[in-house]
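Undergrad: Sharing a structure with you now.
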Amino acid sequence: MGRRASRCATCRHEHFFTPVAAVGTIVADERGRVLLIRRRRDPGRGLLGLPGGFVDPGETAERAARREAREEVGIGLRGLAYFCSFPNRYTYRGMSFPVLDIFFTARATAADRPATSNEVDAFVWLEPRKIRMDRIVFPSIRRALERYRRLTRSGDTPHTGVAAGNRGEAL
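Under the working numbering, think of the first position of the sequence shown as 307, with each following residue one higher.
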């Protein structure tokens with residue numbers, strides 16, 4: 307993929323249009339089911355997604371994942387661990403821009419029960435094998451969930467909260 311830049315005719319400074327960072331978290335319960343949300347707003351109103359959203363300026367991806375889970379479904383996260391990332395396009399009201407979606411795995415804190423919000427119509431806990439990918443809002447989320455499904459099917463537990471090189475330090 308080529309880089310597109312805008313160059314100032316006066317000073318010759320080049321500004322590269324790079325992706326915006328966004329996060330999504332695959333939250334699993336003690337039975338291995340994954341939390342999916344039904345989107346209240348466009349893009350993808352009525353489709354399923356993961357708790358997540360855009361990273362704010364000055365915010366880490368980990369902090370954004372925790373904030374979005376709290377804002378969207380009212381849950382805290384434990385054992386947050388990097389899982390994977392995929393490029394995406396976010397199109398809204400005729401504008402489209404590149405996004406780098408960063409995915410984490412986690413468990414909901416024991417005392418928290420998901421709830422709807424102004425961004426979420428409903429939520430559901432599903433076994434990974436029962437997730438209908440044609441109902442998932444963005445291709446990047448489908449790819450992350452497919453990868454998660456393959457790993458859980460093979461017996462791996464991608465939601466342990468211990469990332470490679472991060473043994474013993476909780477995120």
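C-beta: ideal position from N, C-alpha, C; glycine also.
So the beta strand (DSSP E) Val361 belongs to, where does it begin and stop?
TA: Taking the sequence shown and counting its residues from 1, the one referred to as residue 361 is at position 55. Val361 -> no beta strand (DSSP E), and no H or E assigned at all.
Undergrad: So the candidates are Cys317, Ile332 and Arg346; which of them puts its Cα closest to the Cα of Glu425?
TA: On the sequence shown, position 119 is the one that residue 425 refers to. Closest by C-alpha distance to Glu425, out of Cys317, Ile332 and Arg346, is Arg346.
Undergrad: In whole angstroms, what separates the C-alpha of Phe360 from that of Ala327?
TA: Numbered from 1 along the sequence shown, position 54 holds the residue referred to as residue 360. Numbered from 1 along the sequence shown, position 21 holds the residue referred to as residue 327. Looking at the two C-alpha atoms, the distance is approximately 6 Å.
Undergrad: Of the choices Ala428, Lys436 and Arg435, whose alpha-carbon is the least far from that of Arg351?
TA: Sequence index remark: in the sequence shown, residue 351 carries index 45 (1-based). Checking every option, the nearest Cα to that of Arg351 belongs to Ala428.
Undergrad: Suppose you measure from the CA of Lys436 to the CA of Met401; what does that come to, to the nearest Å?
TA: Position 130 of the sequence shown, counting from 1, holds the residue named residue 436. Position 95 of the sequence shown, counting from 1, holds the residue named residue 401. Each residue's Cα considered, the two are about 33 Å apart.
Undergrad: Where does Asn472 land, buried or exposed, given buried means 16+ other C-beta within 10 angstroms?
TA: Stepping through the sequence shown from its first residue, residue 472 is reached at position 166. In this prediction, Asn472 has a pLDDT of 35, which is less than 50 and means its spatial position is unreliable; what the coordinates show is noted afterwards. It counts as exposed.
Undergrad: With a threshold of 8 Å on Cβ separation, who are the neighbours of Thr331 within its own chain once the five nearest residues in sequence on each side are excluded?
TA: One-based indexing of the sequence shown puts residue 331 at position 25. Correct list, in chain order: Leu356, Pro357, Gly358, Ala371, Glu374, Ala375, Leu383, Leu386, Phe409, Phe410, Thr411 and Ala412.
Undergrad: Where does Ile447 sit, in a helix, a strand or coil, going by DSSP?
TA: Within the sequence shown, residue 447 is the residue found at index 141, counting from 1. Residue state, collapsed to three classes: helix.
Undergrad: DSSP on Thr397, reduced to helix/strand/coil?
TA: The residue labelled residue 397 in the question sits at position 91 within the sequence shown. In the structure shown, Thr397 sits in a strand (DSSP, three-state: E or B).
Undergrad: Going by DSSP, what residues sit across from Phe542 in a beta bridge?
TA: Here the chain comprises residues numbered 307 to 477, so residue 542 is not present and cannot be evaluated.
Undergrad: By the three-class DSSP mapping on this structure, what secondary structure does Leu383 have?
TA: Taking the first residue of the sequence shown as position 1, residue 383 is located at position 77. Of the three classes helix, strand and coil, the one that applies to Leu383 here is strand, per DSSP.
Undergrad: Could you tell me whether the Cβ atoms of Ser460 and Phe392 are closer together than 7 Å?
TA: In the sequence shown, counting from the first residue as 1, residue 460 sits at position 154. In the sequence shown, counting from the first residue as 1, residue 392 sits at position 86. Going by C-beta atoms, Ser460 is not nearer than 7 Å to Phe392.
Undergrad: Are Trp431 and Arg339 close, meaning C-beta to C-beta below 7 Å?
TA: As a working mapping, residue 431 is identified with position 125 in the sequence shown. As a working mapping, residue 339 is identified with position 33 in the sequence shown. A contact, by the Cβ cut-off of 7 Å.
Undergrad: For a test of the three-state rule: what should DSSP assign to Leu353, helix, strand or coil?
TA: Against the sequence shown, residue 353 aligns to sequence position 47. Coil, per DSSP.
Undergrad: Count the other CB atoms within 10 Å of the CB of Asp348; is the residue buried (16 or more) or exposed (fewer)?
TA: For the purposes of this step, residue 348 is identified with residue 42 of the sequence shown, where counting begins at 1. So Asp348 ends up on the exposed side.
Undergrad: When burial is assigned at 16 or more other CB atoms within 10 Å of the CB, is Arg449 buried or exposed?
TA: For the purposes of this step, residue 449 is taken as residue 143 along the sequence shown, with counting starting at 1. So Arg449 counts as buried.
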